[in-house]
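I have placed the structure first, in the form of structure tokens, so that the comments after it can refer back to it.
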Amino acid sequence: MNDYLIEIKNLHKNFGKNEVLKGLDIQIKKGEVVVMIGPSGSGKSTFLRTMNLLESPTKGEVYFEGTNIADKSVDVFKHREKMGMVFQQFNLFPNMTVLDNLTLAPVKTGRLSKEEAEKKAHELLERVGMSDKAQAYPQSLSGGQQQRVAIARALAMTPDVMLFDEPTSALDPEMVGEVLNVMQELAKEGMTMVVVTHEMGFAKNVADRVLFMADGVIVEEGKPEQVFDHPQEARTQDFLAKVL
Ligand code: ADP
Ligand code: MG
Numbered sequence: 006m007n008d009y010l011i012e013i014k015n016l017h018k019n020f021g022k023n024e025v026l027k028g029l030d031i032q033i034k035k036g037e038v039v040v041m042i043g044p045s046g047s048g049k050s051t052f053l054r055t056m057n058l059l060e061s062p063t064k065g066e067v068y069f070e071g072t073n074i075a076d077k078s079v080d081v082f083k084h085r086e087k088m089g090m091v092f093q094q095f096n097l098f099p100n101m102t103v104l105d106n107l108t109l110a111p112v113k114t115g116r117l118s119k120e121e122a123e124k125k126a127h128e129l130l131e132r133v134g135m136s137d138k139a140q141a142y143p144q145s146l147s148g149g150q151q152q153r154v155a156i157a158r159a160l161a162m163t164p165d166v167m168l169f170d171e172p173t174s175a176l177d178p179e180m181v182g183e184v185l186n187v188m189q190e191l192a193k194e195g196m197t198m199v200v201v202t203h204e205m206g207f208a209k210n211v212a213d214r215v216l217f218m219a220d221g222v223i224v225e226e227g228k229p230e231q232v233f234d235h236p237q238e239a240r241t242q243d244f245l246a247k248v249l
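Residue numbers (this note's numbering): 6 to 249.
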């Protein structure tokens with residue numbers, strides 16, 4: 006055992022001949038907020054999906070709470086329940102109310118009774134500023150509201166880490182702030198978070214550590230002020246010159 010909530014060792018992912026992740030070594034402590042930035046196509050989404058075993062690694066280890074969940078003999082579902090994931094496209098269940106979206110997984114997995122799950126759902130909706138929409142259907146909500154519900158839904162399983170894949174990229178600009186605020190609150194409360202984003206302001210203000218990924222490798226990492234103000238690698242400098 007060690008101090009890390011997550012420890013990734015020599016993680017590789019190929020799609021056919023396309024080598025997308027080329028040996029990542031990443032350690033994440035409990036309570037840490039790690040922001041990953043990098044060009045489109047560099048493997049950021051694949052990294053998140055491989056780290057929670059939505060994609061099976063080609064090679065390497067993913068230790069989560071001390072267990073190598075990349076090991077074929079491990080019940081990955083049990084561990085993945087402890088990793089909340091929020092996607093760019095919200096992915097709410099369209100035929101269910103907001104409340105039912107939040108209670109489905111905790112009830113289905115037998116973790117909470119329906120009553121307990123509903124109580125918890127109402128608390129979470131309050132936390133993301135959506136308590137008046139418990140009975141609404143997703144399509145009646147704005148993108149920002151749907152994404153806040155998606156965050157609450159992930160939290161309903163009481164995850165130990167939250168993974169965000171460009172959670173504000175599909176939103177109209179005026180809705181980005183409300184989602185980032187919810188994420189910032191979560192970070193303040195001590196949630197361990199891995200966030201892929203192009204929101205450099207969020208990265209600067211909230212991240213404990215920034216990873217710059219390009220072409221399937223971590224090119225550079227450090228505290229936000231190091232990476233943003235004093236990037237050491239040419240590829241990082243080029244990327245930042247384009248996005249900042
Ligand atoms: P990013 O999130 O940084 O934009 P991705 O992880 O989505 O990058 O993609 C990295 C590379 O992996 C791309 O070349 C993409 O085409 C490829 N890729 C991603 N998912 C799949 C998949 N399911 N099957 C085949 N190739 C994929
Ligand atoms: Mg992506």
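Think of the CB as a built atom: it goes at the ideal place given N, C-alpha and C, for glycine as much as any other residue.
CA-to-CA distance, residue j to residue i, given in whole angstroms
i: H127; j: Q151; result: 15 Å
i: Y68; j: L10; result: 8 Å
i: M205; j: L249; result: 7 Å
i: E131; j: R54; result: 29 Å
i: A141; j: A192; result: 27 Å
i: P44; j: S118; result: 43 Å
i: P111; j: D177; result: 31 Å
i: T102; j: A139; result: 7 Å
i: V203; j: N96; result: The identity of residue 203 in the sequence shown is His, whereas the question assumes Val. If you take the alpha carbons of H203 and N96, they lie about 20 Å apart.
i: M180; j: I13; result: 33 Å
i: V79; j: E70; result: 13 Å
i: E230; j: P236; result: 9 Å
i: A175; j: M196; result: 24 Å
i: M198; j: A246; result: 26 Å
i: L29; j: P62; result: 11 Å
i: K113; j: T72; result: 24 Å
i: P99; j: M167; result: 22 Å
i: I31; j: F244; result: 21 Å
i: T51; j: V222; result: 12 Å
i: V133; j: R240; result: 37 Å
i: L121; j: I74; result: Residue identity differs from the one stated: residue 121 is Glu in this sequence, not Leu. Using only the alpha carbons, I get a separation of about 29 Å.
i: G115; j: E238; result: 49 Å
i: Q93; j: E194; result: 23 Å
i: S145; j: D137; result: 13 Å
i: K34; j: D8; result: 6 Å
i: N23; j: M56; result: 18 Å
Per-residue DSSP class, three states only, for residue i
i: R214; result: strand
i: F244; result: helix
i: V200; result: strand
i: V181; result: helix
i: A157; result: helix
i: K34; result: strand
i: M135; result: coil
i: G28; result: strand
i: A175; result: coil
i: L129; result: helix
i: M41; result: strand
i: D234; result: helix
i: G227; result: strand
i: L191; result: helix
i: M167; result: strand
i: K14; result: strand
i: A122; result: helix
i: A141; result: coil
Rounded distance between the beta-carbons of residue j and residue i, thought under 8 Å
i: D220; j: V201; result: Wrong, their Cβ atoms sit about 16 Å apart, outside the cutoff.
i: V224; j: F217; result: 5 Å
i: K27; j: E60; result: That belief does not hold up - the Cβ atoms of K27 and E60 are roughly 15 Å apart, past 8 Å.
i: R158; j: M135; result: The pair is not a contact, with the Cβ atoms about 11 Å apart (cut-off 8 Å).
i: E183; j: G149; result: 5 Å
i: G48; j: N15; result: Wrong, their Cβ atoms sit about 15 Å apart, outside the cutoff.
i: L58; j: V81; result: 5 Å
i: P172; j: V91; result: 5 Å
i: I42; j: A208; result: 6 Å
- [ ] Report yes or no: do three or more beta-carbon pairs, one from the stretch 149–167 and one from the stretch 84–98, lie closer than 8 Å?
- [x] The way I'd put it, the stretch 149–167 does touch the stretch 84–98; three or more beta-carbon pairs between them come closer than 8 Å.
- [ ] Decide yes or no for the touch test of the stretch 33–42 against the stretch 198–215: beta carbon pairs closer than 8 Å, at least 3 of them.
- [x] Using a Cβ-Cβ distance cut-off of 8 Å, the stretch 33–42 and the stretch 198–215 are in contact, since at least three pairs of beta carbons, one from each stretch, lie closer than that value.
Task: Cβ pair count under 8 Å reaching 3, the stretch 181–189 against the stretch 107–116 - done: The stretch 181–189, when compared against the stretch 107–116, does not touch it at the 8 Å Cβ threshold.
Task: Sequence ranges, beta strand (DSSP E) only - wholly within the stretch 46–111, length at least 3 - done: Here the runs fully enclosed are 64–69 and 88–91.
TODO: Using the beta-carbon of each residue, find all residues closer than 5 Å to any heavy atom of the ligand PLP and list them in chain order.
DONE: Absent from the structure shown: the ligand PLP. Ligands present: the ligand ADP and the ligand MG.
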